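J.:
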Amino acid sequence: METKRLDGEPGGLSTLLRAALPVIPGVNQLPGVKKVSPKNFTGLSYARTAIAVTRAGVDAYSAVCSFPRKDTAPLPYPHVLAFPLHMAIMSDPAFPYPGIGMVHMENTITAHRAIGVGEVLDLTTAVAAPRAHDKGALLDFVTTVTAGDELVWESVSTYLRRGARTVGEPDAGLSFTDAPTGGVQWKLPGDLGRTYAGVAGDPNPIHLYPLTAKALGFPRQIAHGMWTKARSIAAIENRLPDAVTVEVSFKKPVFLPGTVAFAHRQDGDAHTFALTSPKDGAPHLLGRATPA
(Lines of atoms letter the chains of each structure in order from A and count residues from 1; the text may use other names and numbers.)
(Lines give C-alpha, C1' and ligand atoms only; values in the text may rest on other atoms or scores of the structure.)
Protein backbone atom coordinates (compact mmCIF):
# COMPACT_ATOMS: atom_id res chain seq x y z
CA MET A 1 0.00 0.00 0.00
CA GLU A 2 1.42 3.37 -1.02
CA THR A 3 1.72 5.95 1.75
CA LYS A 4 1.12 9.55 0.73
CA ARG A 5 2.74 12.37 2.64
CA LEU A 6 0.63 15.16 4.13
CA ASP A 7 2.66 18.36 4.22
CA GLY A 8 1.91 21.90 5.34
CA GLU A 9 -0.84 22.97 7.73
CA PRO A 10 -3.65 20.44 7.21
CA GLY A 11 -7.31 20.41 8.11
CA GLY A 12 -9.85 23.21 8.33
CA LEU A 13 -12.76 24.17 6.13
CA SER A 14 -10.97 23.55 2.82
CA THR A 15 -10.43 19.89 3.71
CA LEU A 16 -14.03 19.64 4.90
CA LEU A 17 -15.20 21.09 1.58
CA ARG A 18 -13.20 18.49 -0.37
CA ALA A 19 -14.80 15.80 1.78
CA ALA A 20 -18.28 17.18 1.01
CA LEU A 21 -17.98 17.64 -2.77
CA PRO A 22 -18.58 13.95 -3.60
CA VAL A 23 -22.15 14.16 -2.22
CA ILE A 24 -23.15 16.97 -4.64
CA PRO A 25 -24.85 15.59 -7.79
CA GLY A 26 -22.94 16.50 -10.93
CA VAL A 27 -19.93 17.78 -9.04
CA ASN A 28 -19.28 14.24 -7.83
CA GLN A 29 -18.51 13.17 -11.41
CA LEU A 30 -15.76 15.73 -11.98
CA PRO A 31 -12.12 14.62 -12.29
CA GLY A 32 -10.39 14.87 -8.94
CA VAL A 33 -13.73 14.53 -7.13
CA LYS A 34 -15.22 11.32 -8.52
CA LYS A 35 -14.72 8.41 -6.14
CA VAL A 36 -13.52 4.92 -6.99
CA SER A 37 -15.93 2.01 -6.64
CA PRO A 38 -15.81 0.30 -3.22
CA LYS A 39 -15.22 -2.95 -5.10
CA ASN A 40 -11.93 -1.57 -6.41
CA PHE A 41 -10.68 -0.11 -3.12
CA THR A 42 -7.84 -2.05 -1.52
CA GLY A 43 -6.48 0.55 0.87
CA LEU A 44 -4.96 3.99 1.35
CA SER A 45 -2.36 5.45 3.70
CA TYR A 46 -1.22 8.96 4.66
CA ALA A 47 1.62 10.13 6.90
CA ARG A 48 2.76 13.25 8.75
CA THR A 49 6.34 13.51 9.97
CA ALA A 50 8.21 15.57 12.54
CA ILE A 51 5.09 16.83 14.32
CA ALA A 52 5.90 18.53 17.62
CA VAL A 53 3.74 18.09 20.71
CA THR A 54 3.44 21.74 21.73
CA ARG A 55 2.70 23.25 25.11
CA ALA A 56 -0.01 25.48 23.61
CA GLY A 57 -1.74 22.61 21.82
CA VAL A 58 -1.69 20.33 24.86
CA ASP A 59 -2.92 23.07 27.20
CA ALA A 60 -5.80 24.05 24.92
CA TYR A 61 -6.87 20.42 24.50
CA SER A 62 -6.54 19.73 28.23
CA ALA A 63 -8.71 22.73 29.09
CA VAL A 64 -11.64 21.79 26.85
CA CYS A 65 -11.50 18.09 27.84
CA SER A 66 -10.90 18.71 31.60
CA PHE A 67 -7.43 17.13 31.86
CA PRO A 68 -5.00 18.57 34.43
CA ARG A 69 -2.04 20.55 33.15
CA LYS A 70 0.99 18.26 32.96
CA ASP A 71 4.28 17.91 31.13
CA THR A 72 2.82 14.93 29.29
CA ALA A 73 0.04 14.91 26.71
CA PRO A 74 -3.40 13.54 27.65
CA LEU A 75 -3.91 9.96 26.54
CA PRO A 76 -6.26 10.78 23.60
CA TYR A 77 -4.33 13.87 22.42
CA PRO A 78 -2.45 12.19 19.52
CA HIS A 79 -5.84 11.62 17.87
CA VAL A 80 -5.94 15.38 17.27
CA LEU A 81 -2.58 15.16 15.48
CA ALA A 82 -3.79 12.18 13.44
CA PHE A 83 -7.21 13.54 12.51
CA PRO A 84 -5.86 15.49 9.51
CA LEU A 85 -4.73 12.13 8.14
CA HIS A 86 -8.28 10.79 8.53
CA MET A 87 -9.61 13.76 6.59
CA ALA A 88 -6.92 13.50 3.92
CA ILE A 89 -7.90 9.88 3.32
CA MET A 90 -11.64 10.63 3.24
CA SER A 91 -11.18 13.53 0.81
CA ASP A 92 -8.88 11.58 -1.53
CA PRO A 93 -10.61 10.47 -4.78
CA ALA A 94 -9.06 7.03 -4.23
CA PHE A 95 -11.22 6.62 -1.10
CA PRO A 96 -14.57 5.16 -2.18
CA TYR A 97 -16.96 7.13 0.04
CA PRO A 98 -17.66 10.84 0.73
CA GLY A 99 -16.25 12.04 4.04
CA ILE A 100 -19.54 13.74 4.93
CA GLY A 101 -21.83 11.06 6.33
CA MET A 102 -19.16 8.80 7.80
CA VAL A 103 -20.30 7.79 11.32
CA HIS A 104 -17.68 7.19 14.01
CA MET A 105 -18.81 3.93 15.66
CA GLU A 106 -15.87 2.76 17.77
CA ASN A 107 -12.44 3.92 18.87
CA THR A 108 -9.62 1.99 20.52
CA ILE A 109 -6.46 3.69 21.76
CA THR A 110 -3.36 1.94 23.06
CA ALA A 111 -0.68 4.07 24.68
CA HIS A 112 2.63 2.29 25.21
CA ARG A 113 3.99 5.10 27.35
CA ALA A 114 3.29 8.72 28.19
CA ILE A 115 4.19 11.25 25.49
CA GLY A 116 6.01 14.33 26.73
CA VAL A 117 5.37 17.91 25.73
CA GLY A 118 8.12 18.85 23.27
CA GLU A 119 8.49 15.38 21.75
CA VAL A 120 8.55 15.12 17.95
CA LEU A 121 6.39 12.41 16.44
CA ASP A 122 5.78 10.67 13.13
CA LEU A 123 2.20 9.59 12.40
CA THR A 124 0.71 7.24 9.82
CA THR A 125 -2.95 6.40 9.25
CA ALA A 126 -3.99 3.57 6.96
CA VAL A 127 -7.37 2.17 5.97
CA ALA A 128 -7.93 -1.17 4.25
CA ALA A 129 -10.89 -2.53 2.27
CA PRO A 130 -14.33 -2.11 3.91
CA ARG A 131 -15.82 -4.75 6.18
CA ALA A 132 -19.43 -5.91 6.31
CA HIS A 133 -22.05 -4.28 8.52
CA ASP A 134 -25.82 -4.76 8.66
CA LYS A 135 -26.33 -1.13 7.65
CA GLY A 136 -23.54 -0.74 5.09
CA ALA A 137 -19.74 -0.85 5.30
CA LEU A 138 -17.21 -0.48 8.12
CA LEU A 139 -13.79 1.06 7.62
CA ASP A 140 -10.97 0.85 10.17
CA PHE A 141 -8.60 3.83 10.24
CA VAL A 142 -5.46 2.47 11.89
CA THR A 143 -3.03 5.06 13.25
CA THR A 144 0.50 4.46 14.50
CA VAL A 145 2.59 7.10 16.24
CA THR A 146 6.34 6.74 16.64
CA ALA A 147 9.08 8.73 18.35
CA GLY A 148 12.16 7.83 16.35
CA ASP A 149 11.99 4.05 16.00
CA GLU A 150 9.79 3.60 19.08
CA LEU A 151 6.08 2.87 18.76
CA VAL A 152 4.50 5.03 21.46
CA TRP A 153 0.78 5.21 20.59
CA GLU A 154 -1.72 3.56 18.25
CA SER A 155 -5.43 3.64 17.60
CA VAL A 156 -8.24 2.20 15.51
CA SER A 157 -11.17 4.42 14.58
CA THR A 158 -14.03 2.44 13.03
CA TYR A 159 -16.41 4.38 10.78
CA LEU A 160 -19.72 3.25 9.30
CA ARG A 161 -20.81 4.24 5.82
CA ARG A 162 -24.55 3.61 5.56
CA GLY A 163 -25.86 2.25 2.28
CA ALA A 164 -24.97 -0.73 0.13
CA ARG A 165 -23.83 -3.57 2.34
CA THR A 166 -20.33 -4.95 1.83
CA VAL A 167 -20.14 -8.65 1.09
CA GLY A 168 -19.17 -10.75 4.10
CA GLU A 169 -20.26 -11.67 7.60
CA PRO A 170 -21.06 -8.58 9.72
CA ASP A 171 -18.74 -7.93 12.66
CA ALA A 172 -20.44 -7.86 16.06
CA GLY A 173 -18.20 -5.00 17.17
CA LEU A 174 -17.13 -4.14 20.71
CA SER A 175 -19.26 -5.76 23.39
CA PHE A 176 -19.93 -4.24 26.79
CA THR A 177 -21.90 -6.07 29.48
CA ASP A 178 -23.05 -4.87 32.88
CA ALA A 179 -22.06 -1.26 32.19
CA PRO A 180 -22.38 1.10 35.16
CA THR A 181 -25.34 3.48 35.24
CA GLY A 182 -26.19 6.78 36.88
CA GLY A 183 -23.22 8.65 38.29
CA VAL A 184 -22.20 12.28 38.30
CA GLN A 185 -23.98 14.66 35.92
CA TRP A 186 -22.14 17.02 33.57
CA LYS A 187 -23.89 20.03 32.05
CA LEU A 188 -22.55 20.71 28.55
CA PRO A 189 -22.78 24.17 26.96
CA GLY A 190 -24.16 24.86 23.51
CA ASP A 191 -20.79 26.08 22.21
CA LEU A 192 -18.88 22.94 23.27
CA GLY A 193 -18.70 21.65 19.69
CA ARG A 194 -17.26 24.93 18.44
CA THR A 195 -14.73 25.06 21.29
CA TYR A 196 -13.56 21.50 20.73
CA ALA A 197 -13.47 22.01 16.96
CA GLY A 198 -11.11 24.92 17.50
CA VAL A 199 -8.52 22.79 19.27
CA ALA A 200 -9.14 19.47 17.47
CA GLY A 201 -9.38 20.76 13.90
CA ASP A 202 -12.73 19.07 13.30
CA PRO A 203 -15.22 21.73 12.09
CA ASN A 204 -17.88 19.27 10.95
CA PRO A 205 -21.14 21.30 10.70
CA ILE A 206 -23.07 18.79 12.82
CA HIS A 207 -21.07 20.00 15.84
CA LEU A 208 -21.25 23.77 15.36
CA TYR A 209 -24.68 25.42 15.30
CA PRO A 210 -28.36 24.34 15.26
CA LEU A 211 -28.74 25.56 11.69
CA THR A 212 -25.71 23.70 10.33
CA ALA A 213 -26.66 20.55 12.22
CA LYS A 214 -30.25 20.67 10.90
CA ALA A 215 -28.91 20.89 7.36
CA LEU A 216 -27.40 17.43 7.92
CA GLY A 217 -30.42 15.87 9.60
CA PHE A 218 -29.89 16.62 13.32
CA PRO A 219 -32.36 18.68 15.39
CA ARG A 220 -29.44 20.66 16.83
CA GLN A 221 -25.65 20.43 17.17
CA ILE A 222 -24.04 17.38 18.79
CA ALA A 223 -20.85 16.88 20.79
CA HIS A 224 -17.86 15.26 19.08
CA GLY A 225 -17.60 11.57 19.89
CA MET A 226 -13.91 11.93 20.63
CA TRP A 227 -14.68 14.72 23.10
CA THR A 228 -17.00 12.35 24.99
CA LYS A 229 -14.21 9.76 25.07
CA ALA A 230 -11.60 12.30 26.15
CA ARG A 231 -13.83 13.74 28.88
CA SER A 232 -14.53 10.24 30.18
CA ILE A 233 -10.84 9.39 30.27
CA ALA A 234 -10.11 12.68 32.06
CA ALA A 235 -12.49 11.62 34.83
CA ILE A 236 -10.39 8.53 35.62
CA GLU A 237 -6.96 9.39 34.19
CA ASN A 238 -5.28 9.46 37.61
CA ARG A 239 -6.21 5.76 38.02
CA LEU A 240 -4.83 4.59 34.67
CA PRO A 241 -1.28 3.37 33.98
CA ASP A 242 0.83 5.05 31.29
CA ALA A 243 0.63 1.86 29.19
CA VAL A 244 -3.09 1.34 28.70
CA THR A 245 -5.75 0.41 26.15
CA VAL A 246 -9.06 2.31 26.16
CA GLU A 247 -11.90 1.01 23.99
CA VAL A 248 -15.21 2.82 23.46
CA SER A 249 -18.37 2.32 21.47
CA PHE A 250 -20.26 5.46 20.48
CA LYS A 251 -24.02 4.97 20.84
CA LYS A 252 -26.52 7.85 20.77
CA PRO A 253 -25.38 11.41 19.99
CA VAL A 254 -25.09 14.00 22.76
CA PHE A 255 -27.16 17.05 21.81
CA LEU A 256 -25.91 20.49 22.87
CA PRO A 257 -26.62 22.11 25.19
CA GLY A 258 -27.40 19.08 27.30
CA THR A 259 -26.72 17.04 30.40
CA VAL A 260 -25.05 13.63 30.58
CA ALA A 261 -24.27 11.26 33.44
CA PHE A 262 -20.86 9.63 33.86
CA ALA A 263 -20.51 6.37 35.79
CA HIS A 264 -17.39 4.30 36.43
CA ARG A 265 -16.57 0.95 37.99
CA GLN A 266 -13.16 -0.55 38.76
CA ASP A 267 -12.56 -4.30 38.92
CA GLY A 268 -8.91 -4.94 39.71
CA ASP A 269 -6.87 -3.35 36.92
CA ALA A 270 -9.89 -3.02 34.61
CA HIS A 271 -12.15 0.01 34.41
CA THR A 272 -15.62 0.11 32.86
CA PHE A 273 -17.38 3.40 32.27
CA ALA A 274 -20.45 4.83 30.60
CA LEU A 275 -21.88 8.16 29.52
CA THR A 276 -25.67 8.04 29.60
CA SER A 277 -28.79 10.18 29.46
CA PRO A 278 -29.97 11.18 32.97
CA LYS A 279 -33.58 11.07 31.72
CA ASP A 280 -33.83 7.47 30.56
CA GLY A 281 -30.39 5.88 31.02
CA ALA A 282 -29.86 5.48 27.27
CA PRO A 283 -26.13 5.14 26.57
CA HIS A 284 -24.16 7.75 24.66
CA LEU A 285 -20.83 5.98 25.15
CA LEU A 286 -19.71 2.67 26.67
CA GLY A 287 -16.06 2.05 27.41
CA ARG A 288 -13.38 0.09 29.21
CA ALA A 289 -9.72 0.59 30.07
CA THR A 290 -7.21 -2.21 30.66
CA PRO A 291 -3.43 -2.26 31.09
CA ALA A 292 -1.59 -2.57 27.77
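If you read the sequence shown in the working numbering, its first letter stands for residue 65, the second for the next number, and so on. We put the CB at the ideal spot given by N, CA and C, even for glycine. It should be emphasised that the depicted structure is a prediction, and the values quoted were computed from it without experimental measurement.
Counting only the same chain and skipping the five closest in sequence on each side, list residues whose C-beta sits under 6 Å from that of R329.
T.: The residues are P244 and T336.
J.: W58 bridges to which residues according to DSSP?
T.: Shown here, the chain extends from 65 to 356; a query on residue 58 therefore has no answer.
J.: Out of R112, P142, T174 and G322, which has the shortest C-alpha to C-alpha gap to D306?
T.: When only C-alpha atoms are compared, the closest one is T174.
J.: Can F205 and H150 be called in contact, C-beta distance under 7 Å?
T.: Result yes, Cβ atoms of F205 and H150 sit closer than 7 Å.
J.: Can you tell me whether L185 is buried or exposed? The criterion is at least 16 other CB atoms within 10 Å of its CB, across all chains shown.
T.: It counts as buried.
J.: Mind checking Q249: buried by the 16 CB within 10 Å criterion, or exposed?
T.: The residue is exposed, with fewer than 16 neighbouring Cβ atoms inside 10 Å.
J.: May I ask you to check if the CB of Q249 is nearer than 6 Å to at least one heavy atom of the ligand FMN?
T.: No copy of the ligand FMN appears in this structure; indeed no ligand is present at all.
J.: When DSSP labels each residue in this structure, what does H288 get in the three-state scheme?
T.: H288 falls in the coil class under three-state DSSP.
J.: On the three-state DSSP scale, how would you describe D198?
T.: Coil.
J.: Can you tell me which of the three DSSP states L185 falls into?
T.: Here L185 sits in strand by DSSP.
J.: Less than 7 Å between the C-beta atoms of Y437 and V209, yes or no?
T.: The question about residue 437 has no answer, for the chain in this structure spans 65 to 356.
J.: Which word fits A127, buried or exposed, when buried means at least 16 other C-beta atoms lie within 10 angstroms of its C-beta?
T.: Per the 10 Å Cβ criterion, exposed.
J.: Check this for me: beta carbons of S130 and A298, under 7 Å apart or not?
T.: Yes, Cβ-Cβ distance for S130 and A298 is below 7 Å.
J.: To which residues does DSSP link I115 through a beta bridge?
T.: DSSP, once it has assigned bridges, lists L185 as partnering I115.
J.: Within the same chain, show all residues whose beta-carbon is closer than 8 Å to that of P70, passing over the 5 residues directly before and after it, in chain order.
T.: For the record, residue 70 in the displayed sequence is Leu; it is not Pro. Taken in chain order, the residues that qualify are Y110, A111, R112, P148, L149 and A152.
J.: Buried or exposed: G351, going by 16 or more other Cβ atoms within 10 Å of its Cβ?
T.: It is buried - the Cβ of G351 has at least 16 other Cβ atoms within 10 Å.
J.: Could you say which of G107, H176 and L187 lies nearest to I115 if we only look at CA atoms?
T.: Cα-wise, what sits closest to I115 is L187.
J.: Classify S239: buried if its beta carbon has 16 or more other beta carbons within 10 angstroms, exposed otherwise.
T.: By the neighbour-count rule (16 or more Cβ atoms within 10 Å), S239 is not buried but exposed.
J.: Between which two residues does the alpha helix (DSSP H) harbouring K278 extend?
T.: Taken as a continuous stretch (DSSP letters only), the alpha helix (DSSP H) holding K278 covers P274 to K278.
J.: Flag this pair as yes or no: are the beta carbons of P347 and V308 separated by less than 7 Å?
T.: Taking 7 Å as the Cβ cut-off, P347 and V308 do not qualify as a contacting pair.
J.: Apply the 10 Å Cβ neighbour rule to A287 and answer buried if 16 or more other Cβ atoms are within range, or exposed otherwise.
T.: By the 10 Å Cβ count, A287 comes out buried.
J.: In whole angstroms, give me the CA-to-CA distance for A334 and A353.
T.: Rounded to whole angstroms, A334 to A353 spans 6 Å at the Cα level.
J.: What is the rounded straight-line gap between the Cα of D235 and the Cα of T222?
T.: Straight-line Cα distance between these residues: approximately 11 Å.
J.: Please go through the same chain and pick out, in chain order, the residues whose beta-carbon is closer than 6 Å to the beta-carbon of T323, but skip the five residues on each side of it.
T.: Hits under 6 Å: Q249, K251 and P342.
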